[in-house]
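Structure first, commentary second.
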Amino acid sequence: PTGLVVAVDGPGGSGKSTVSREIARRLGLRYLDTGAMYRAITQVALERRIDIEDPSAVAEVAERTVLTVGTDPDRPSIAVDGDNVDEQIRTRAVTNAVSAVAAVSAVRSRLVAQQREIIAESLAAGGIVVEGRDIGSVVAPDAPVKVFLTASTEVRALRRSRQLGEKGVDDVARTLAELDRRDALDSTRTADPLSVPDGAIVLDSSALSVPEVVDEVLRQSQHLL
Ligand code: C5P
Numbered sequence: 048p049t050g051l052v053v054a055v056d057g058p059g060g061s062g063k064s065t066v067s068r069e070i071a072r073r074l075g076l077r078y079l080d081t082g083a084m085y086r087a088i089t090q091v092a093l094e095r096r097i098d099i100e101d102p103s104a105v106a107e108v109a110e111r112t113v114l115t116v117g118t119d120p121d122r123p124s125i126a127v128d129g130d131n132v133d134e135q136i137r138t139r140a141v142t143n144a145v146s147a148v149a150a151v152s153a154v155r156s157r158l159v160a161q162q163r164e165i166i167a168e169s170l171a172a173g174g175i176v177v178e179g180r181d182i183g184s185v186v187a188p189d190a191p192v193k194v195f196l197t198a199s200t201e202v203r204a205l206r207r208s209r210q211l212g213e214k215g216v217d218d219v220a221r222t223l224a225e226l227d228r229r230d231a232l233d234s235t236r237t238a239d240p241l242s243v244p245d246g247a248i249v250l251d252s253s254a255l256s257v258p259e260v261v262d263e264v265l266r267q268s269q270h271l272l
């Protein structure tokens with residue numbers, strides 16, 4: 048079956064999720080948030096009081112956990128062993144622990160395999176927009192459309208802070224520090240670090256609205272659609 052795969056990578060707060068969902072809606076494609084999968088494994092590990100710095104313990108959690116992922120861009124969802132965890136995976140505790148979990152290569156190979164299955168199943172239905180850190184480089188290196196979205200650290204921290212419903216300057220500063228730490232961990236880990244894949248459309252979204260970013264991606268990939 049032929050279908051389109053759009054790979055969207057970038058750091059936290061770069062606008063990946065909003066942009067990816069909008070591209071999926073406009074092109075009538077499915078949508079996969081791979082970050083939600085790493086978050087779900089992290090949520091389970093925290094709930095079970097597993098030592099997040101113990102790779103084999105964390106790997107075992109990933110092996111025993113069944114993730115069910117909904118790929119409707121209007122209603123993405125994730126469940127752990129049948130229970131929905133959409134809310135639980137967005138807590139600050141999960142956000143601050145997820146990079147350690149995502150650095151474990153056994154966790155990555157398991158999740159990457161499931162991500163590839165979801166992509167394969169979506170091809171018959173037209174295709175899928177997949178967002179994460181290693182989509183264009185590892186999960187779907189043959190994706191015809193690759194996007195790498197960035198934004199200044201300040202803009203990303205402000206966006207994240209707003210998402211969290213924060214108001215104070217101190218909150219933004221703290222969110223910025225946490226974002227910086229997660230960026231550093233995600234970019235320097237040995238297993239599939241965040242990187243700009245070959246052939247990616249690189250866009251800085253700091254001064255662009257969501258429709259502007261989406262229009263630009265669609266314009267630059269028109270010949271492939
Ligand atoms: O995109 P989001 O902020 O939800 O991702 C959470 C974390 O999951 C990232 O900070 C990163 O550690 C990890 N991740 C990853 N590979 C992906 C997607 C997310 O390592 N493809």
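If you read the sequence shown in our numbering, its first letter stands for residue 48, the second for the next number, and so on. Every residue, glycine too, gets a C-beta built ideally from N, C-alpha and C.
Taking the CB atoms as reference points, tell me whether residue i and residue j lie closer together than 7 Å.
i, j, result
"D133", "S124", "yes"
"T118", "Y78", "yes"
"V127", "A87", "yes"
"I97", "V113", "no"
"V257", "F195", "no"
"R155", "A83", "no"
"V66", "V260", "yes"
If you drop the 5 nearest sequence neighbours on each side, which residues of the same chain put their C-beta closer than 7 Å to that of residue i?
i, result
"A198", "G60, S61, G62, D251, S252 and S253"
"P240", "D233 and S234"
"S242", "S184"
"A344", "Residue 344 falls outside the range modelled here, since the chain spans only 48 to 272, and no answer is possible."
"R180", "D56, D233 and L241"
Which partner residues of residue i appear in the DSSP bridge assignment?
i, result
"Y85", "None, per the DSSP bridge assignment."
"I248", "V194"
"T20", "No statement about residue 20 is possible, as the shown extent of the chain runs from 48 to 272 and does not include it."
"V177", "A54 and L79"
Mind checking which residues open and close the beta strand (DSSP E) that includes residue i?
i, result
"L79", "R77 to D80"
"L51", "L51 to D56"
Which residue comes first and which comes last in the alpha helix (DSSP H) that contains residue i?
i, result
"E164", "S152 to L170"
"A140", "R139 to A149"
"V219", "V216 to T235"
"Q269", "Counting along the chain, Q269 falls outside any alpha helix (DSSP H), and DSSP gives it neither H nor E."
"L211", "Premise fails: L211 is in no alpha helix (DSSP H) and is neither H nor E."
"R68", "K63 to L74"
Near residue i, what residues of its chain come up, given a Cβ to Cβ distance below 6 Å and the 5 sequence neighbours on each side ignored?
i, result
"P58", "D230"
"S268", "V192"
"P244", "G183, S184 and K193"
"P120", "R68, A71, R72 and Y78"
"V151", "P102, V105 and A106"
"L76", "G173, G174, I175 and V176"
"V202", "S253"
"R163", "none"
"V55", "K63, S67, E178 and V194"
"Q135", "Q90"
Excluding sequence positions up to five away, which residues of its chain have a Cβ less than 8 Å from the Cβ of residue i?
i, result
"I166", "V52, L79, I175, V177, V186 and A187"
"R206", "G60, G62 and A198"
"I99", "T89, A92, L93, V105, A144, A147 and V148"
"G129", "V113 and T115"
"A190", "V52, V53, A54, V177, I182 and G183"
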